[in-house]
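Colleague: Here the sequence shown stands for residues 62 to 338, numbered as in the numbering used here. By construction, the Cβ of each residue, glycine as well, lies at the ideal position given by its N, Cα and C atoms. Can you read through this structure? Questions will come right after.
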Amino acid sequence: MEIEKKCKLVIFSDIHYAPEPPINNGSKIDRKLMQYAEPLLNKLIDEINNSIHPDVVINLGDLVEDFNDHDKDIINLNFIWDILKKIKKPFYSLAGNHDLRSMQCREEVEQIMGYEHSTFSINSNGYHLVFLGLHVNTQAGTAEGGILKTQFISNEDLEWLKKDLKQNNLPCIIFTHFGVAEDEMKGNWWFERGPNCALLGNRIELKEILKNDKNLLAVFSGHQHWTKKLIEDNIIYYVIGSLTENINNDGIPDGVYFEVDLEGNKLKVDKHHLKLG
């Protein structure tokens with residue numbers, strides 16, 4: 062009798078670490094409680110290492126709130142990455158628009174993270190986990206927090222994804238920074254007036270690939286600073302909010318993270334909120 066596979070994930074996103082508010086970076090920072098990024102992350106790491114004991118830990122991008130200053134952003138990325146190294150379980154991270162905004166190429170962030178390439182896949186406990194990195198288009202400028210510069214997955218990476226999924230026969234989960242499922246962003250503090258900035262620029266091309274994959278269980282993304290579940294063309298999409306979002310405008314960070322339990326071809330997603338003090 063075959064033993065049914067199991068895997069536990071912890072997923073979080075949008076840490077937005079900065080040692081002080083980058084008031085001149087051209088981005089809105091009103092709802093980002095950056096002062097809580099470090100203590101929240103340390104508390105989450107303690108939970109991961111000493112209580113949850115997951116098989117894999119995943120961050121979906123925006124480790125830092127950028128200063129739109131290359132040298133400062135490199136320093137802050139290294140600082141937060143050193144904290145993330147305290148995770149005692151296999152840990153993988155995407156880079157978000159704020160991580161890449163002031164970079165000339167994504168290799169600069171890949172080097173900090175120790176990745177040969179930020180689009181890659183791994184197998185864990187009988188599950189196929191796919192991480193889709195962002196293309197850095199230096200011709201697009203740094204407006205909108207670097208969104209326009211980083212909103213696309215490269216054609217090369219999409220071709221890689223086709224081949225990767227074709228070769229895979231395990232239950233599969235996809236991770237991206239930008240949202241993929243269509244959403245008008247009604248009620249979203251950040252993106253209601255500009256919903257396209259919440260979503261991957263070439264999501265239609267990506268979804269053409271995903272809809273043909275029979276092993277796909279779900280797609281997880283961050284960036285939008287709220288938490289919700291969407292279903293589109295029979296594909297389940299989970300969006301997770303920001304660890305440091307002032308979600309209720311009460312000065313208390315959202316502290317949101319997911320525990321995801323995979324068993325066979327099923328997944329159970331439990332939402333939790335860290336509290337400080």
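Put H159 into one of helix, strand or coil per three-state DSSP.
Modeller: Residue 159 sits at position 98 when you count from the first residue of the sequence shown. In this structure, H159 counts as helix in the three-state DSSP scheme.
Colleague: What are the partner residues of N184, as DSSP defines its beta bridges?
Modeller: As a first step, residue 184 must be located in the sequence shown, where it is residue number 123. According to DSSP, N184 bridges with H189.
Colleague: Could you give the distance in angstroms between the alpha-carbon of S74 and the alpha-carbon of G122?
Modeller: Residue mapping note: residue 74 aligns to position 13 of the sequence shown, counting from 1. Residue mapping note: residue 122 aligns to position 61 of the sequence shown, counting from 1. Straight-line Cα distance between these residues: approximately 6 Å.
Colleague: Output needed for S303: all residues of its chain with C-beta closer than 7 Å, excluding positions within five of it in sequence on either side, in chain order.
Modeller: Reading the sequence shown from its first residue, position 242 is the one you call residue 303. Within the same chain, S303 has close Cβ partners S74, D75, H77, H286, D315.
Colleague: In the DSSP assignment, find the beta strand (DSSP E) that holds L328 and state where it starts and stops.
Modeller: Sequence index remark: in the sequence shown, residue 328 carries index 267 (1-based). Looking at the DSSP string, the run of the beta strand (DSSP E) that includes L328 is 327 to 334.
Colleague: If you run the structure through DSSP and keep just helix, strand and coil, what is M62?
Modeller: Within the sequence shown, numbered from 1, the residue matching residue 62 stands at position 1. Low confidence applies here, because M62 scores a pLDDT of 46, under 50, leaving its location unreliable; read the following figure in that light. Correct three-state label for M62: coil.
Colleague: Throw me the rounded Cβ distance for the I265 and V280 pair, which I believe falls under 8 Å.
Modeller: The residue given as residue 265 occupies position 204 in the sequence shown. The residue given as residue 280 occupies position 219 in the sequence shown. At roughly 14 Å, the Cβ-Cβ gap does not stay under 8 Å, so I265 and V280 are not in contact.
Colleague: If I148 and L190 are in contact, beta carbons under 8 Å, what's the gap, nearest whole angstrom?
Modeller: Taking the sequence shown and counting its residues from 1, one reaches residue 148 at position 87. Taking the sequence shown and counting its residues from 1, one reaches residue 190 at position 129. Actually they are not in contact, since the Cβ atoms of I148 and L190 sit about 16 Å apart, beyond 8 Å.
Colleague: If you draw a straight line from the alpha carbon of Q228 to that of I84, how long is it in whole angstroms?
Modeller: Along the sequence shown, read from residue 1 onward, the residue named residue 228 stands at position 167. Along the sequence shown, read from residue 1 onward, the residue named residue 84 stands at position 23. When rounded, the distance between both Cα atoms is 47 Å.
Colleague: Go ahead and label P232 buried or exposed: buried means 16 or more other beta carbons lie within 10 angstroms of its beta carbon, across all protein chains shown.
Modeller: Looking up residue 232 in the sequence shown gives position 171. By the neighbour-count rule (16 or more Cβ atoms within 10 Å), P232 is buried.
Colleague: Give every residue of the same chain whose Cβ lies closer than 6 Å to the Cβ of L278, excluding the five residues on either side of it in the sequence, and list them in chain order.
Modeller: Along the sequence shown, one-based indexing puts residue 278 at 217. P232, I234, L328.
Colleague: What number of angstroms, rounded off, separates the C-alpha of A242 from the C-alpha of D294?
Modeller: Working through the sequence shown from its first residue, we reach residue 242 at position 181. Working through the sequence shown from its first residue, we reach residue 294 at position 233. For A242 and D294, the distance between alpha carbons rounds to 9 Å.
Colleague: Here's the rule: buried if 16 or more other CB atoms are within 10 angstroms of the residue's CB, otherwise exposed. What is H238?
Modeller: Along the sequence shown, read from residue 1 onward, the residue named residue 238 stands at position 177. Buried is the call here.
Colleague: May I have the straight-line CA-CA distance separating E253 from E168, to the nearest angstrom?
Modeller: By one-based count along the sequence shown, residue 253 stands at place 192. By one-based count along the sequence shown, residue 168 stands at place 107. Looking at the two C-alpha atoms, the distance is approximately 32 Å.
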